[in-house]
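2 protein chains.
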Amino acid sequence: MALSAPVVIAGGAAVGGKKEGAGPLRERFDTISEDSYFGQKSWEKAESVMLRQCFQLLCQKTETPANKLDFILSGDLQSQCTGSAFALRDAAVPYLGLYGACSTMGESLALGAMLIDGGAAERVCAMTCSHFCSAERQFRLPLEYGGQRTPTAQWTATAAGAVLLRKGSGCVRITHVTPGKIVDAGITDANNMGAAMAPAAWDTLRAHFKDTGREGSYYDAVITGDLGHFGHDILADLAHEEGMTFPNIFTDCGILLYSAKTQDVHSGGSGCGCSASVFAGHILKCLQEGMWHRVLFAPTGALMSTVTSQQGESIPGICHAIAIEAAEET
Amino acid sequence: MALSAPVVIAGGAAVGGKKEGAGPLRERFDTISEDSYFGQKSWEKAESVMLRQCFQLLCQKTETPANKLDFILSGDLQSQCTGSAFALRDAAVPYLGLYGACSTMGESLALGAMLIDGGAAERVCAMTCSHFCSAERQFRLPLEYGGQRTPTAQWTATAAGAVLLRKGSGCVRITHVTPGKIVDAGITDANNMGAAMAPAAWDTLRAHFKDTGREGSYYDAVITGDLGHFGHDILADLAHEEGMTFPNIFTDCGILLYSAKTQDVHSGGSGCGCSASVFAGHILKCLQEGMWHRVLFAPTGALMSTVTSQQGESIPGICHAIAIEAAEET
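Here the protein sequences line up with chains X and D, keeping their order.
So the first sequence is numbered by this note's numbering: it starts at 556 and just counts up by one.
So the second sequence is numbered by this note's numbering: it starts at 556 and just counts up by one.
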């Protein structure tokens with residue numbers, strides 16, 4: 556849907572861990588922590604502290620005290636979304652908790668833009684995070700076990716991203732949002748999230764192009780959330796099957812965050828913090844700096860848990876697309 | 556905040572389990588299942604089937620096919636909110652997953668109302684659920700262990716509730732929403748959720764009364780989410796401390812759902828499905844039938860997980876308030 560008036564992305568903040576700081580986007584992060592514990596005693600607490608740092612950085616950078624915010628929209632991969640709740644429990648801002656798995660940054664941007672466009676809010680913080688170690692403990696195996704990873708496996712980013720959305724005029728603006736439907740393609744391999752999410756990504760991109768009458772080439776970049784290398788190839792196949800060109804302006808946050816050659820992340824990055832930090836740290840700057848004028852940002856999520864996988868269920872995917880344009884001259 | 560135009564609650568559906576069907580609200584449910592497995596092989600799948608039944612009932616009762624919905628707003632207590640995602644994976648409706656713990660029905664009503672009021676949607680389904688057995692497995696001990704419950708413990712409802720929100724004219728309408736802030740009063744006893752959530756409930760009610768210039772007596776009923784008997788008493792104490800009267804029109808979904816005398820639920824009901832089913836099954840009918848004309852509905856949630864409790868953290872609470880009015884004559 557087209558917003559009745561574009562919603563401004565007034566600024567962003569991105570915090571990352573050591574591995575994210577060793578990747579090609581190092582300079583795009585506001586802060587890199589060499590300590591994966593962020594000074595805490597557990598990885599879960601580390602995740603919350605990282606997200607709180609990111610929120611505080613955003614408030615500082617945009618000169619927006621927390622009490623000027625109408626809403627914080629956040630969520631994360633921790634069970635019961637405690638990464639966000641504990642990060643923001645002292646923020647004293649109305650809090651709307653989201654769960655969209657790794658698509659959460661898309662959901663928070665879409666909802667925030669619609670709330671502002673509709674007049675329910677003037678300023679909204681949209682944010683999310685993930686932490687490699689807390690996610691491994693949550694979803695997979697004890698880190699100490701050192702289990703072998705499959706080629707299709709992705710690396711959960713230790714990263715947080717936050718942006719400030721507001722009414723009014725500004726350079727970088729959300730013009731359309733396309734919230735996605737759940738799509739379950741029957742994939743049951745929890746080490747192949749890209750395959751599980753690619754059909755949902757294609758469903759949402761197709762809906763966006765149909766809704767707007769645009770082709771992919773309208774954009775300078777079309778960037779999915781965290782399909783990784785395998786999932787990105789599947790998305791290309793799905794597009795080709797329906798006769799759509801898939802130009803090389805199509806990429807993915809899971810591909811951008813790490814170096815495939817030197818960082819041993821297999822199929823690429825993942826986690827809520829992957830698309831959130833790549834967006835708030837990198838994509839937003841590309842728009843602000845004039846490198847890109849039109850971007851379609853489409854974070855993807857896998858709506859499963861260890862319990863559903865253990866019970867033999869397939870993995871439903873979801874993807875929300877956000878169209879963003881930067882003014883040529885302001 | 557006041558909505559610019561009231562949003563209609565066009566209808567509701569409520570599904571419950573055996574214990575909910577043995578309580579004082581039995582006749583208010585559309586369906587009661589005597590089988591806690593709802594014909595499935597696991598409690599988690601049972602929870603999803605129950606929520607899907609509730610969604611289908613809502614579509615039937617309101618004569619609204621799913622493809623006429625702009626959004627489904629849902630969430631639940633299962634880790635990674637799989638209760639909702641799996642219930643709705645075939646719905647083919649844009650899905651916005653929420654996590655507000657037991658306050659989720661308040662969050663979905665508030666967001667749905669704001670999206671419709673702002674023009675982003677015409678029809679929204681707001682829903683949530685919980686299941687006693689999957690919640691016990693999720694948060695507490697194996698059921699087979701038969702652990703003794705403390706007097707302050709509450710009973711997670713096996714129930715789902717769904718309502719259809721839409722633009723236009725109708726009898727029962729949302730007029731104001733007051734999304735809440737996270738409030739952490741330092742309670743660490745995971746068997747005393749009422750005490751953890753009561754300060755958040757008071758914070759939101761106080762904000763609502765201040766925002767609207769109303770007193771509690773403006774309403775025919777002020778109904779919190781699932782504070783239970785202990786939490787309700789604490790809320791009364793907090794109100795009295797600040798000099799506010801706390802008339803007996805104040806009650807709680809956790810008090811209403813079960814019989815304190817005969818059902819052995821200790822401090823009362825809880826779970827996302829408690830306030831959702833009491834709202835969709837009972838409160839909505841009281842408004843439709845003309846018994847009440849003005850209701851403030853304020854679901855409460857505890858934003859913790861087993862991991863945060865095991866790490867010694869306190870329990871942050873949240874509460875979202877929804878003001879609903881029924882036309883005297885339509």
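Just so you know, even glycine gets a beta-carbon here, dropped at the ideal spot from N, CA and C.
Given the structure is predicted, the values throughout are model-derived calculations rather than measurements.
Residue i vs residue j beta-carbon contact at 9 Å
i	j	result
His-875(D)	Gly-652(D)	no
Thr-659(D)	Ser-603(D)	no
Asp-807(X)	Gly-786(X)	yes
Gly-823(X)	Asp-781(X)	yes
Ile-729(X)	Ile-564(X)	yes
Ala-831(D)	Thr-619(D)	no
Cys-827(D)	Gly-630(D)	yes
Trp-710(D)	Tyr-592(D)	no
Ser-689(D)	Ala-601(D)	yes
Same chain, Cβ closer than 8 Å to residue i, five either side skipped, listed in chain order
i	result
His-795(D)	Phe-801
Asp-645(D)	none
Ala-791(X)	Phe-801, Phe-805
Gln-611(D)	none
Glu-868(D)	Thr-743, Met-859
Nonlocal neighbours in the same chain, by C-beta distance under 7 Å from residue i, ignoring five residues either side
i	result
Thr-885(D)	Below a pLDDT of 50, predicted positions are generally treated as unreliable, and Thr-885(D), at 46, falls in that range; no measurement from the model is reported.
Asn-746(D)	Thr-705, Thr-707, Ala-708
Lys-623(D)	Arg-678
Asp-775(X)	Ile-804, Trp-847, His-848, Arg-849, Val-850
Ser-634(X)	Gln-693
Met-669(D)	Val-732
Leu-842(D)	Val-727, Val-850, Ile-879, Ala-881
Asp-625(D)	Pro-649, Ala-676, Glu-677, Arg-678, Val-679
Thr-767(X)	His-731
Proximity test, Cβ basis, 9 Å: residue i and chain D
i	result
Ile-810(X)	no
Ser-559(X)	yes
Ser-597(X)	yes
Thr-767(X)	no
Gly-630(X)	yes
Asp-744(X)	no
Met-846(X)	no
Glu-548(X)	Only positions 556 to 885 of chain X appear in this structure, which leaves residue 548(X) out of reach.
Leu-858(X)	yes
Leu-720(X)	no
Ala-853(X)	no
Phe-834(X)	no
Leu-666(X)	yes
Beta-carbon neighbours of residue i, restricted to chain X and to distances below 8 Å
i	result
Gly-673(D)	Met-669, Leu-670, Asp-672, Gly-673, Gly-674, Ala-675
Glu-662(D)	Leu-651, Gly-652
Val-862(D)	Glu-599, Gln-633, Ser-634, Thr-637
Asp-819(D)	Residues of chain X passing the Cβ test: none, with the nearest at roughly 27 Å.
Met-556(D)	Ala-675
Cross-chain neighbours of residue i in chain X, by beta carbon under 7 Å
i	result
Leu-793(D)	Chain X residues near Leu-793(D): none, gap ~17 Å exceeds 7 Å.
Ile-873(D)	Tyr-650
Ala-647(D)	Lys-736
Cβ-based neighbour list, residue i, same chain, cut-off 6 Å, excluding 5 preceding and 5 following
i	result
Ala-751(D)	Ile-742, Ala-857, Ile-870, Gly-872
Thr-779(D)	Ala-756, Asp-807, Ala-853, Thr-855
Val-570(X)	Thr-586, Met-605, Gln-608, Cys-609, Ala-715
Gly-836(D)	Ala-569, Arg-583, Phe-584
Thr-863(X)	none
Val-964(X)	This structure gives no information on residue 964(X), because the portion of chain X shown stretches from 556 to 885.
Neighbouring residues, chain D, relative to residue i (Cβ below 9 Å)
i	result
Phe-626(X)	Pro-734
Neighbour flag for residue i against chain X, beta carbons, 9 Å
i	result
Met-588(D)	Note that residue 588(D) is Ser in the sequence shown, not Met. By this cut-off, Ser-588(D) is not an interface position.
Val-850(D)	no
Ala-568(D)	no
Ala-656(D)	yes
Gly-571(D)	no
Ala-712(D)	no
Glu-880(D)	no
Met-748(D)	no
Ala-640(D)	yes
Beta-carbon neighbours of residue i, restricted to chain X and to distances below 9 Å
i	result
Gln-709(D)	The premise fails here: Gln-709(D) is roughly 16 Å from chain X at the closest Cβ pair, so nothing lies under 9 Å.
Near the ligand NAD: residue i beta-carbon under 8 Å from a heavy atom
i	result
Phe-834(D)	Ligands in the displayed structure: none, and consequently the ligand NAD is not present.
Interface residues of chain D facing residue i [CB-CB closer than 7 Å]
i	result
Arg-644(X)	Ile-737, Asp-739, Pro-871
Proximal chain D residues relative to residue i, where beta-carbon distance stays under 8 Å
i	result
Ala-621(X)	The premise fails here: Ala-621(X) is roughly 10 Å from chain D at the closest Cβ pair, so nothing lies under 8 Å.
Complete runs of the alpha helix (DSSP H) confined to the region 750-829 of chain D [at least 4 residues]: The qualifying runs are 783-796, 808-811.
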